[in-house]
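K.L.:
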Amino acid sequence: MYAPRVLSGMRPTGRLHLGHYHGVLKNWVRLQHEHPCLFFVADWHALTTSYNEVEIISESVWEMVIDWLAAGVDPSLATVFIQSRVPEHAELHLLLSMMTPLGWLERVPTYKDQQDKLADRDLATYGFLGYPLLQSADILIYRADMVPVGEDQVPHVELTREVARRFNHLYGREPGFEEKARDAVRKLGSKRARLYEELRVRFQQNGEEEAIERAHALLDEAQNLSLGDRERLYGYLEGGGKMILVEPESLLTESARMPGLDGQKMSKSYNNTITLREDAESVRRKIRTMKTDPARVRRTDPGNPDKCPVWQFHLIYSDDGTRNWVTEGCRSAGIGCLDCKQPVIDAVLKEQEPMRERAQPYVEDPSLVRNIVADGCEAARRLAQETMRDVREAMGLNFA
Ligand code: TRP
Ligand code: SF4
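Heads up, the sequence shown is in the numbering used here, so the first residue is 21 and it goes up one at a time.
#1: Look up K207 in the DSSP assignment and give the residues it is bridged to.
#2: Whose C-beta lies closer than 8 angstroms to the C-beta of A315 among residues of the same chain, with five residues either side of it excluded?
#3: Check this for me: beta carbons of Q134 and T69, under 9 angstroms apart or not?
#4: Y382: buried (16+ other C-beta within 10 angstroms of its C-beta) or exposed?
#5: Name the one or two DSSP bridge partners that I76 has.
#6: In terms of residue numbering, what span does the beta strand (DSSP E) encompassing F101 cover?
#7: When every heavy atom of ligand 1 is checked, does at least one fall within less than 8 angstroms of the C-beta of D165?
#8: Skipping 5 residues on each side, what residues in its chain have a beta carbon closer than 8 angstroms to that of H109?
#9: Taking a contact to mean a Cβ-Cβ separation below 9 angstroms, would you say R308 touches R163 in this structure?
#10: So is Y290 buried or exposed if we call it buried at 16+ other beta carbons inside 10 Å?
#11: Rounded to whole angstroms, what is the Cα-Cα separation between E178 and V167?
#12: Is DSSP giving H334 helix, strand or coil here?
#13: Jot down the residue ranges of each uninterrupted alpha helix (DSSP H) in the stretch 122–202, minimum 4 residues, whole runs only, in chain order.
#14: Can you find the residues in the same chain that come closer than 6 angstroms, C-beta to C-beta, to C57, ignoring five residues on each side of it along the sequence?
#15: Going by DSSP, name the residue or residues bridged to P279.
#16: Report the option in E267, L358 and E229 whose CA atom is closest to the CA atom of F187.
#17: With DSSP run on the structure shown, which of helix, strand or coil describes V303?
#18: Which stretch, first to last residue, makes up the alpha helix (DSSP H) that contains M408?
#19: Tell me which residues share the same chain as V393 and place their Cβ nearer than 7 angstroms to its Cβ, disregarding the 5 neighbours each side in the sequence.
#20: Which whole runs of the alpha helix (DSSP H) in the stretch 43–94 are 4 residues long or more, in chain order?
#21: Among the residues of its own chain, which have a CB less than 6 angstroms from the CB of R343, if the five just before and after it don't count?
#22: Who does M30 pair with in a DSSP beta bridge?
#23: Alpha carbon to alpha carbon, how far is W88 from D366? Give it in angstroms, no decimals.
#24: Compute every distance between the C-beta of D158 and the non-hydrogen atoms of ligand 1, then say whether any falls below 8 angstroms.
#25: Take every Cβ of the stretch 398–413, pair it with every Cβ of the stretch 358–373, and state whether three or more of those distances are shorter than 8 angstroms.
#26: Provide the residue span of the alpha helix (DSSP H) that contains S246, from first to last.
#27: Ignore the nearest five residues each way along the sequence and tell me which others in G261's own chain have a CB closer than 7 angstroms to its CB.
#28: Confirm the yes/no value for this check: CB of H42, any heavy atom of ligand 1, distance under 8 angstroms.
#29: First and last residue of the beta strand (DSSP E) that includes E269?
#30: Just to check my reading of the structure: R297 and A90 have Cβ atoms closer than 8 angstroms, yes? What is that Cβ distance to the nearest angstrom?
#31: Roughly how far, in whole angstroms, is the beta-carbon of G43 from the beta-carbon of T273, given that I think they are within contact range, below 8 angstroms?
#32: Which residue marks the beginning of the alpha helix (DSSP H) containing G341, and which one marks its end?
#33: With P386 and W82 assumed to form a contact (beta carbons below 8 angstroms), what rounded beta-carbon distance in angstroms separates them?
#34: Please say whether I336 and M375 have beta carbons closer to each other than 9 angstroms?
#35: Here's the rule: buried if 16 or more other CB atoms are within 10 angstroms of the residue's CB, otherwise exposed. What is P107?
#36: If I measure Cβ to Cβ from G29 and keep anything under 8 angstroms in the same chain, skipping five residues before and after, which residues do I get?
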């Protein structure tokens, strides 16, 4: 039975913080129990913007993987690897670049946005323009079905779908396709074959989305199909040719907007973060020195939680009881700000404790992390090579 595959990546550009944990990593940890997952370090993507300060990459890669493991990513469930250790990504990127219209890349919103935002860097480079196409290669090379990403990345997944469609359209037409497809239908067995034909007709004549979904499910359940036949039958449903590359869906990560210490979004560039495994003393100090409602100059001045960044933390970490205690105590000056901060400190430390614990063996023995990643790279590479065989063949590169 075919299981939908999840893939996501993260650029190694510094230490991860609680914003990454609440925004991304918790989601990965949940997904790894539901689907086969691939999570990778996008070190080449980091180079597209940091090509003139490359140290940040090697400094962040292993710490980032430890952060993932600390957050609960489990290498027995998910494949953890590094992009540049699977050079097939680069080959697919190159081949896709042959057939990707320049306009598609120039139109991706992050292209202009990031150039404006990172105005101190020269991003008028070939590599930066190709950023989303490299991402498409990352996704397509594993035939990933679902890509958990934040909102800003959705256009990249959309581009990936268009690239896959164009690729299949250009290269999925093998000689004798119709006949091979009909043979493949027969291999489904008579009952499934009849249902497949019926669903195919319903989709092609009436465009019924439900029919194509049911047909996909039917193919996913079919046991003895070769990869080639599966691609043919997927493609045959829609009329065209073989479906060599799979169109992924983005799995929009609810942007759990983690507040930073100053009330703005937690982000390295605002210098308002608590890192994932920050030591306890530093966490205490950072929270104790957080700014509060400016109206509370003296302990006896009442305040308003809505004007206080500490309250944002209570919204994430505290239960109703504590929240009531805060709102009442703050508005009546019944509690001091340090009192108010203590439950937040306790909750953050409690959240971090298992992470520090899980990270401990890896910090003590870095070879453990190296081994996990080496295994992950090997597994990823096998999948990538499988796709590349089909891609090379489709693009006429398997000549003797
Ligand atoms: N561009 C993504 C980001 O900045 C990282 C990334 C690279 C990625 N390749 C990917 C995410 C493939 C999902 C799938 O967050
Ligand atoms: Fe903020 Fe709490 Fe102080 Fe009120 S009591 S200002 S919510 S820290």
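Just so you know, even glycine gets a beta-carbon here, dropped at the ideal spot from N, CA and C. The structure displayed is predicted, hence computed values, not measured ones.
P.N.:
Checking against the coordinates, here is how it stands:
#1: According to DSSP, K207 bridges with nothing at all.
#2: D321, P322, G323, N324 and K327
#3: yes
#4: buried
#5: I76 is not bridged to any residue.
#6: A98 to I102
#7: no
#8: W64, Q103, L154, A157, D158, I161 and A404
#9: no
#10: exposed
#11: 11 angstroms
#12: helix
#13: 122–126, 129–137, 146–149, 151–160 and 174–191
#14: V26, L51 and A98
#15: K285
#16: E267
#17: helix
#18: P386 to A414
#19: V85, V100, F101 and I102
#20: 46–54, 63–70 and 75–91
#21: H334
#22: V61
#23: 22 angstroms
#24: yes
#25: no
#26: No alpha helix (DSSP H) contains S246, which DSSP labels as neither H nor E.
#27: N188, G192, R193, E194, F197 and G255
#28: no
#29: E269 to L272
#30: 6 angstroms
#31: 6 angstroms
#32: D340 to R351
#33: 7 angstroms
#34: no
#35: exposed
#36: F59, F60, V61, A62, H65, Q103, Q155 and D158
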